[in-house]
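Residues 1 to 566 (the UniProt record's numbering) are what the sequence shown spells out, left to right. Heads up, the beta-carbon is just placed ideally off N, CA and C, and yes, glycines get one too.
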Amino acid sequence: MSAETASKTVLSLVSGPPLDAEPGLGALTLPGFLREVTAEYGGREAVVLRSPEGDTRWTYAELWERATEVARALRACGLDKGGRVGVLMTNRPEWLAAVFGTSLAGGVAVALSTFSTASELDDLLRISGVSALLFEREVPKTDFADVLTGLEPQIAEAAPGALRSARYPFLRHLAAVGDAPSAAGIEGWADFLARGGRVPRELVEATAEAVRPSDPAVLFFSSGSTSRPKGIISAHRGVAVQMWRFRRMFGFGPEDGVRCWTANGFFWSGNFAQALGSTLAAGGALVLQRVFAAGEALELMEAERVNFPVAWPHQSAQLESAPGWADVDLGALRFVDTAGPLARHATVRTDWTEPGRAYGNTETFTITTCFPACTPPEVHAGSSGEPLPGVTVKIVDTLTGAVVPRGEHGEICVKGPTLMLGYAGTPLDETLDADGFFATGDGGRLDAAGRLFWEGRLTDIIKTGGANVSPLEVDEALAAHPGVKVAKTVGVPHETLGEAVVACVVAHGGARPDAEELRAFARERLASYKVPRHVLFFAEDDLALTGSAKIKSGDLRELAARRLAP
1 MSAETASKTV LSLVSGPPLD AEPGLGALTL PGFLREVTAE YGGREAVVLR
51 SPEGDTRWTY AELWERATEV ARALRACGLD KGGRVGVLMT NRPEWLAAVF
101 GTSLAGGVAV ALSTFSTASE LDDLLRISGV SALLFEREVP KTDFADVLTG
151 LEPQIAEAAP GALRSARYPF LRHLAAVGDA PSAAGIEGWA DFLARGGRVP
201 RELVEATAEA VRPSDPAVLF FSSGSTSRPK GIISAHRGVA VQMWRFRRMF
251 GFGPEDGVRC WTANGFFWSG NFAQALGSTL AAGGALVLQR VFAAGEALEL
301 MEAERVNFPV AWPHQSAQLE SAPGWADVDL GALRFVDTAG PLARHATVRT
351 DWTEPGRAYG NTETFTITTC FPACTPPEVH AGSSGEPLPG VTVKIVDTLT
401 GAVVPRGEHG EICVKGPTLM LGYAGTPLDE TLDADGFFAT GDGGRLDAAG
451 RLFWEGRLTD IIKTGGANVS PLEVDEALAA HPGVKVAKTV GVPHETLGEA
501 VVACVVAHGG ARPDAEELRA FARERLASYK VPRHVLFFAE DDLALTGSAK
551 IKSGDLRELA ARRLAP
């Protein structure tokens, strides 16, 4: 943005440098990304899954071969350019083979959550319009073969590849990883891959080469705390940029020998770009855990010499409270934030800070603003980062849409090279404003230095006594108390204030802070109108979570209101 004279108001509109100025970018398609890292790191270990039945360990070259097998099978099933392939699996090697294989075949990979209920999966399949579904038969408490045949009984009777369903009119092929299929219309994984034997390898290489950065690559679903998921279509360029970019944000290189443990689903864009992207871009290895279990995760980190764990805050807290915590050797951990629970382990030595000063959305395939790892506090100033290359951020008045002056609060709007192609089933002009910006629904402000400060969902902003309170600010203040494990602040209707600020708290095991103690603690850090009028204590299981571990604000607000009703 051009410099403003002192007499003029500086508006909240700021751009990062141009995309072509960003260092470290490689090929900008998923086939190109996989081809490039395979060429550079071919013999290195890329994927690890430990199992009582035997460990799976793939090199980069083997990952390329497994993805090519899937691509050949999909082409044999009739997949054409732009065809959609659903991938419904936990974090396992076949997930990577399925998603990269879909891209090699010219298709669009649709990432489906294994936390989906039957009705949710029904919605996702209808929205996405997949022609093939590659899924893991059994995950804890769910047999997806049973779920799918319950949704569409014809799956139990149709010959493989011959499904004709009025409910899912595009779906033809289903293939399952795991136990033998229980329905005639579901192929076993080996039989599915065998289909590809009649497809020349050269054809897959040609389709992969024909993929362009502007082509649709993936369809991920949002996991917001306030609304039903939306199908978000991203181009190859957007996905690939973020995979290379996260390597730069973390500061990883081939010499670091990155070994990343994660149990978070790759069907969430954040984990795909952050964990999978940064690790493979740096020639590291993904140490997979299909379903999170704290004790098992600690053993896995020790045995596989993990140095880069990717966990949500509630998972980190469970790791710290797991029975084996005191005895496990986590000395290999290196890329762990100094402020996190893992850094407090007796065997861990680190001065690293993660690039957590960031803001993004599934609609932008994760981050649009960020500071790199180990950015000094005086640089990030507690912000959510500065615009990344190619990104423009503006803050607008929620009523008029006008750009507000720097420092004023409003709605965050973004555009840039990773912005989605659109929502499935929704015209793009109904999603973007006249200047091509995506209105995020999040509140925030830009400071004089062009740093973004995220202030939470606009629907979550608490209006109390004529003032606006960001629940995020209250949460961060309370989280600094040693007895607080989780803090989530909501606004509860109040007859005179409009809304009362109410903090919902989960205490650390063994800690017994009381409400007045926490209010006094908050009073030292917050303006008086931001201090919670009430502090309510909950068990961790009381807090309803979305699939991506975001606390559902609406549900919690109702729960708090009921608790206070008497």
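What does a CB cutoff of less than 7 Å around residue i pick up in its chain, not counting 5 residues either side in sequence?
i	result
residue 361	440
residue 458	398, 411, 441, 442, 443
residue 355	249, 250, 370, 371, 372, 373
residue 184	156, 157, 158, 159
residue 357	370, 371, 375, 380, 383, 384, 385
residue 494	500
residue 475	487, 488, 489
residue 273	242, 243, 246, 365, 366
residue 34	64, 67, 100
residue 477	522, 525, 526
residue 421	216, 233, 234, 235
residue 45	57, 59, 285
residue 417	19, 237, 238, 241, 390
Does the distance from the CB of residue i to the CB of residue j come in under 7 Å?
i	j	result
residue 471	residue 450	no
residue 300	residue 322	no
residue 16	residue 387	yes
residue 308	residue 363	no
residue 73	residue 193	yes
residue 105	residue 207	yes
residue 445	residue 367	no
residue 415	residue 390	no
residue 107	residue 83	yes
residue 365	residue 269	yes
residue 86	residue 112	yes
residue 188	residue 136	no
residue 231	residue 424	yes
residue 261	residue 291	no
residue 336	residue 347	no
Between the C-alpha atoms of residue i and residue j, what's the straight-line distance to the nearest angstrom?
i	j	result
residue 481	residue 490	18 Å
residue 133	residue 125	9 Å
residue 101	residue 426	27 Å
residue 352	residue 402	40 Å
residue 204	residue 27	18 Å
residue 434	residue 289	44 Å
residue 61	residue 43	6 Å
residue 560	residue 487	13 Å
residue 20	residue 253	21 Å
residue 316	residue 127	34 Å
residue 310	residue 247	14 Å
residue 49	residue 521	45 Å
residue 294	residue 99	27 Å
residue 511	residue 563	22 Å
residue 528	residue 519	10 Å
residue 233	residue 31	17 Å
residue 141	residue 267	19 Å
residue 182	residue 119	21 Å
residue 237	residue 419	10 Å
residue 209	residue 154	37 Å
residue 71	residue 103	8 Å
Which whole-angstrom value is the C-beta distance of residue i and residue j, which I expect to be below 8 Å?
i	j	result
residue 110	residue 25	Incorrect: roughly 26 Å between the Cβ atoms, too far for contact.
residue 196	residue 69	6 Å
residue 114	residue 265	7 Å
residue 407	residue 447	6 Å
residue 505	residue 538	7 Å
residue 58	residue 47	4 Å
residue 176	residue 145	6 Å
residue 596	residue 304	Lying outside 1 to 566, the shown extent of the chain, residue 596 is not represented and no answer is given.
residue 39	residue 67	In fact, because the Cβ distance is near 14 Å, the residues do not count as touching under 8 Å.
residue 485	residue 507	6 Å
residue 405	residue 11	6 Å
residue 79	residue 131	7 Å
Would the C-beta of residue i count as close to the ligand GDP, meaning under 6 Å from any of its heavy atoms?
i	result
residue 66	No copy of the ligand GDP occurs in the structure displayed, which carries no ligand at all.
If you drop the 5 nearest sequence neighbours on each side, which residues of the same chain put their C-beta closer than 6 Å to that of residue i?
i	result
residue 139	90, 114
residue 345	330
residue 167	152
residue 515	535
residue 302	328, 329
residue 280	37
From the beta carbon of residue i, is the nearest beta carbon of chain B less than 7 Å away?
i	result
residue 61	Considering every chain present, this structure includes no chain B. It has just one protein chain.
Apart from the five residues on each side of it in sequence, which residues of its chain come closer than 8 Å, Cβ to Cβ, to residue i?
i	result
residue 326	346
residue 454	359, 384, 412, 442, 443, 444, 472
Query raised in the report: Are the segment 198-213 and the segment 230-249 touching, with three or more C-beta to C-beta distances below 8 Å?
Result: The segment 198-213 is in contact with the segment 230-249.
Report task. Inspect the CB distances between the segment 499-507 and the segment 528-540 and report whether three or more fall short of 8 Å. Result -> Contact holds between the segment 499-507 and the segment 528-540, because three or more Cβ pairs, one in each stretch, are under 8 Å apart.
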